[in-house]
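A short worksheet on the structure shown next.
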Amino acid sequence: MKLKWRYRKHLRKRYGRLIWIVRKRKNRKGYFKSNVRAHHRKSYRILVANEYIAAYLAKKLGLPVAKVLQARVRGPRGYIKRGLVSVKANARKVIPWKKAKSYVKKKPQKYIKNAKKLARLVAFDAWILNPDRSNRNLILYRRKSWKKYKWYGIDHGISLFGNPDKWNLRKAKKKFSCKKAYKFCLHTGDKKKQRIPYGLKRFTRENRKQLDKMVKKIQSLPTSEIKKAIKRVPKGCLKKSEKKFIQKVLQCRRKQMKKALKRVSKRFA
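With the first letter of the sequence shown counted as 1, position 51 gets the number 71 in this note's numbering; the numbers rise by one all the way through.
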């Protein structure tokens, strides 16, 4: 794997991972994510699996997400780190939801293209067990100041299998039950609740039909597409038993989507 991306700036550390801003030729930028501990193989392979599966499923359901790829980057002290790059949109203005003006958050349909899909995002996150759709993990961008923003999602690193540092297949199998698959983060043991960016609770409540449409899309998604999503994970990152388990989780939650959304919707009030 060649060193195609170059370190530019340290952004932050969270969940045992560091995040850098990196740059490629032709001024392409991205966010590089890697484990703080250099030789923690299990954590890295589960992180990769979470990102690759989530990105594939989102695209199949018509939701925009950042392109994710593996990369090696030389850090500020000269050492080389292996991790994942979320490619940044090539646009004049790219901002996280957190930095959007209040009027944009209050009336997304007026300032954001395909804003209705933002309501669908809540259902998707519920399906893939994503607790971290924070104000930083939803990106707005536009090439010209008078145009509407477009958007995409990033950072699905603790969805699906959960926090990579805490993943344990034996414990997950013991906790998971198809009958209780509507409960959030059941198999990981996490007590996290699904986060929803500021302003989107009200917007989703007002666009309930879009939420229901996404539930139908998820429930009609063929099992073959779930299998393809798992196959997209780079070779060597998932064991056969882990592939089988996460397929079961997604299939069971697919059946329980209405129940799962009912739990999430209580927070819209």
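Positions of the beta carbon are idealized from the N, C-alpha and C atoms, including for glycine.
Beta-carbon spacing of residue i, residue j below 9 Å
i, j, result
"Leu83", "Ile115", "no"
"Ala69", "Ala86", "no"
"Gly50", "Arg43", "yes"
"Asp152", "Ile178", "yes"
"Ala139", "Leu81", "no"
"Ile39", "Arg28", "no"
"Leu77", "Glu245", "yes"
"Ser165", "Lys113", "yes"
"Ile66", "Trp187", "yes"
"Lys275", "Leu189", "no"
"His207", "Ala75", "no"
Endpoints, alpha helix (DSSP H) assigned at residue i
i, result
"Ser106", "Looking at the DSSP string, Ser106 is not in any alpha helix (DSSP H); the run it does join, the beta strand (DSSP E), is 100-107."
"Leu281", "277-285"
"Ile246", "243-251"
"Leu231", "228-240"
"Ala139", "136-147"
"Lys193", "189-195"
"Gln129", "128-131"
Extent of the continuous beta strand (DSSP E) to which residue i belongs
i, result
"Ser54", "49-55"
"Arg65", "Unbroken run through Arg65 is the alpha helix (DSSP H), 61-80; no beta strand (DSSP E)."
"Trp171", "170-173"
"Arg153", "It is not in any beta strand (DSSP E) - Arg153 carries neither H nor E in the DSSP assignment."
"Lys113", "113-116"
"Asn91", "Here the sequence assigns Ala to residue 91, which means Asn is not the residue at that position. Where Ala91 is concerned, the enclosing beta strand (DSSP E) stretches over 88-94."
"Ile178", "It is not in any beta strand (DSSP E) - Ile178 carries neither H nor E in the DSSP assignment."
"Leu23", "First-last for Leu23: undefined, no H or E at that position."
Selected residue, minimal CA-CA separation from residue i, among the options
i, options, result
"Val269", "Lys127, Leu67, Leu220, Ile73", "Ile73"
"Lys24", "Leu38, Asn47, Arg32", "Asn47"
"Ala91", "Lys137, Met277, Trp147, Val107", "Val107"
"Lys167", "Lys130, Arg274, Ser240", "Lys130"
"Val142", "Trp187, Arg225, Arg65, Lys275", "Arg225"
"Lys237", "Arg65, Ser54, Lys79", "Lys79"
"Lys213", "Ser285, Ala135, Ile132, Arg94", "Ser285"
"Asn134", "Ser122, Leu241, Trp171", "Trp171"
"Arg228", "Gln271, Lys278, Asp175, Ile41", "Lys278"
"Val235", "Lys282, Ile250, Ala249", "Lys282"
Buried or exposed (CB count within 10 angstroms, at least 16 for buried), residue i
i, result
"Asn150", "buried"
"Glu262", "buried"
"His30", "exposed"
"Ser63", "buried"
"Pro217", "buried"
"Arg273", "buried"
"Lys125", "buried"
"Arg162", "buried"
"Gly256", "exposed"
"Gln230", "buried"
"Arg37", "buried"
"Ser54", "buried"
"Thr243", "exposed"
"Tyr169", "buried"
Distance cut-off 8 Å: residue i Cβ against heavy atoms of the ligand FAD
i, result
"Cys272", "Among the components modelled here there is no ligand, and therefore nothing to report on the ligand FAD."
Interface flag, residue i vs chain C, CB-CB below 9 Å
i, result
"Tyr169", "Chain labels in this structure do not include chain C; a single protein chain is all it has."
Answer yes if the stretch 192-202 comes into contact with the stretch 93-108, meaning at least three C-beta pairs across the two stretches below 8 Å, and no otherwise. Flag = no, the stretch 93-108 and the stretch 192-202 do not touch.
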